[in-house]
Amino acid sequence: MPVRLNIKLYGFHPNQGQSMQSSLILGSPRRNFYQGRITKATRDFRFNSENHIYHLLNPQLTPVQDCSLILERDNSVFGIAIYDTGSKGPHLVYPISRVQAIVSAIITAKRSIAHGWLGATGIDAAPALPTATSKPSTADLGVRITAVAPDSPADKAGMKARDILLGINDKRVQTYAQLATLIRQIPADSQITLQVKRGNEYKVFRATLIPAPATEPEQQLIAFARRLETMEEELKTMPQDDPNRQNFESRVGMMRVFVGAVTRPAPPEIRLRVFYGLEVQPLTGQLMNYFAVTNGLLVTRVIEGGKASATGFQAGDVITRIGESTINNLQDLMNALDRTPGDQPGDREVTVNRRRESVKLQYRR
Numbered sequence: 003m004p005v006r007l008n009i010k011l012y013g014f015h016p017n018q019g020q021s022m023q024s025s026l027i028l029g030s031p032r033r034n035f036y037q038g039r040i041t042k043a044t045r046d047f048r049f050n051s052e053n054h055i056y057h058l059l060n061p062q063l064t065p066v067q068d069c070s071l072i073l074e075r076d077n078s079v080f081g082i083a084i085y086d087t088g089s090k091g092p093h094l095v096y097p098i099s100r101v102q103a104i105v106s107a108i109i110t111a112k113r114s115i116a117h118g119w120l121g122a123t124g125i126d127a128a129p130a131l132p133t134a135t136s137k138p139s140t141a142d143l144g145v146r147i148t149a150v151a152p153d154s155p156a157d158k159a160g161m162k163a164r165d166i167l168l169g170i171n172d173k174r175v176q177t178y179a180q181l182a183t184l185i186r187q188i189p190a191d192s193q194i195t196l197q198v199k200r201g202n203e204y205k206v207f208r209a210t211l212i213p214a215p216a217t218e219p220e221q222q223l224i225a226f227a228r229r230l231e232t233m234e235e236e237l238k239t240m241p242q243d244d245p246n247r248q249n250f251e252s253r254v255g256m257m258r259v260f261v262g263a264v265t266r267p268a269p270p271e272i273r274l275r276v277f278y279g280l281e282v283q284p285l286t287g288q289l290m291n292y293f294a295v296t297n298g299l300l301v302t303r304v305i306e307g308g309k310a311s312a313t314g315f316q317a318g319d320v321i322t323r324i325g326e327s328t329i330n331n332l333q334d335l336m337n338a339l340d341r342t343p344g345d346q347p348g349d350r351e352v353t354v355n356r357r358r359e360s361v362k363l364q365y366r367r
């Protein structure tokens, strides 16, 4: 692939307005070519040997010109110009060969391609408080890692909880939102460098991203929860004298911490669906009269293969009590489910109203 190339941009006029109307525009907005130049974006954090991208040096790209064609001198298609919304610098050009490879992969897999996954989560690192002798430095702002998934790229690279991630491929990272956005822009199998502060030391780690467990956030949470369940079941069957047990217990503990960290910010209805395979809705006064109850939550969906399904919940049940806990709202339900099972059999007993009759279920975790 050439390092620099004189090109022609064939796209909408930079001053063309974006109309929400679907009526046909008789004047051709693509009748002009715009002379320009591109250069290989070797210093861009998304660039690697498998992901050759270019920067559009000129002409200046506008939002309306997003996805314009980049042509070579003989008018053959070189690539597609991408308006980089979050960038203040040059915009991107993807070679047509790269676009074709992505399309081919999507067609073959019959699904979206997963972005790269690091396997670490965190929070914004709070700046140090100023003292009489020192002032906080913005150079140390970053993402404080709160959990690392076992056997993930971050784990294999050597990252640990409490590390502060400062940058990826020399691209500064100051917030967790920035980190999530950057990672989603880097293809799986890409090799990256991680600039990290650990205590008073600065370190550089190298990691190779792997495909994310899923493309949608909720599906990722489900994948993490299922992996934890599988690991816990494997631990139960592992002999106490197995020489690998101690190491595996440590990995299970890491996964528990990681799953807790990534699911804690999720809304309770998503946690209920991910961990327990259950969807519910509050009861109105009319529904309470219909079911002849004074409290509870109506089960609207039971996901096959989940804990709720194994317990015996059915759509249409009204959950009124778990153990000694009366269920009035979603928070009551989540608190009760998170606590069970307890030491006593009664702690695992679930009371539901089914077709106006009280039914006892034994909760299976």
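Counting along the sequence shown from 1, when you hit position 110 you're at 112 in the numbering used here, and nothing is skipped either side. Even glycine gets a Cβ: it sits at the ideal position worked out from N, Cα and C.
Bridge partners of residue i, per DSSP?
i, result
"SER377", "For residue 377 there is no data in the structure shown, the boundaries of the chain being 3 and 367."
"GLN283", "LEU300"
"SER311", "Answer by DSSP bridge pairing: none, since SER311 is not bridged."
"PHE35", "TYR12"
"GLY169", "ARG174 and GLN197"
Please report the distance separating the alpha-carbon of residue i from that of residue j.
i, j, result
"PHE260", "ARG113", "27 angstroms"
"MET256", "PHE207", "20 angstroms"
"ALA116", "ALA149", "22 angstroms"
"ASN331", "GLU234", "30 angstroms"
"PRO213", "GLU220", "16 angstroms"
"GLY201", "ASP165", "8 angstroms"
"LYS10", "PRO97", "14 angstroms"
"ARG186", "LYS362", "46 angstroms"
"LEU196", "ALA216", "23 angstroms"
"VAL352", "LYS238", "25 angstroms"
"SER25", "ASN34", "Caution is warranted here: a pLDDT of 48 is assigned to SER25, below 50, making its placement in the model unreliable, and no coordinate value can be reported."
"TYR365", "ILE147", "35 angstroms"
"ASP153", "VAL254", "11 angstroms"
"ARG174", "LEU168", "6 angstroms"
"GLN333", "GLN242", "38 angstroms"
"ARG48", "ARG358", "59 angstroms"
"ASP157", "GLN176", "21 angstroms"
"SER360", "ALA159", "54 angstroms"
"ALA268", "LYS309", "19 angstroms"
Classify residue i as buried or exposed, calling it buried when 16 or more other Cβ atoms lie within 10 Å of its own Cβ.
i, result
"ILE170", "buried"
"VAL304", "buried"
"GLY13", "buried"
"THR313", "buried"
"GLY298", "buried"
"ARG45", "exposed"
"ARG75", "exposed"
"VAL79", "exposed"
"ILE40", "buried"
"ILE109", "exposed"
"TYR178", "buried"
"PRO245", "exposed"
"ILE104", "exposed"
Does the Cβ-Cβ distance between residue i and residue j come in under 8 angstroms?
i, j, result
"ILE188", "GLY118", "yes"
"VAL276", "VAL301", "no"
"ASP319", "VAL295", "no"
"LEU120", "VAL145", "no"
"LYS199", "ASP142", "yes"
"LEU280", "LEU274", "yes"
"LEU184", "TYR278", "no"
"TYR36", "PRO65", "no"
"ASN50", "GLN193", "yes"
"THR123", "ALA263", "yes"
Measure how close the beta-carbons of residue i and residue j come, nearest whole angstrom, since I'm counting them as under 8 angstroms.
i, j, result
"HIS95", "ILE125", "Looking at the sequence shown, residue 95 is not His but Val. In fact, because the Cβ distance is near 35 angstroms, the residues do not count as touching under 8 angstroms."
"LEU63", "ALA43", "Going by Cβ atoms, the distance from LEU63 to ALA43 rounds to 14 angstroms, so no, they are not a contact pair."
"ARG247", "MET240", "5 angstroms"
"THR265", "LEU223", "6 angstroms"
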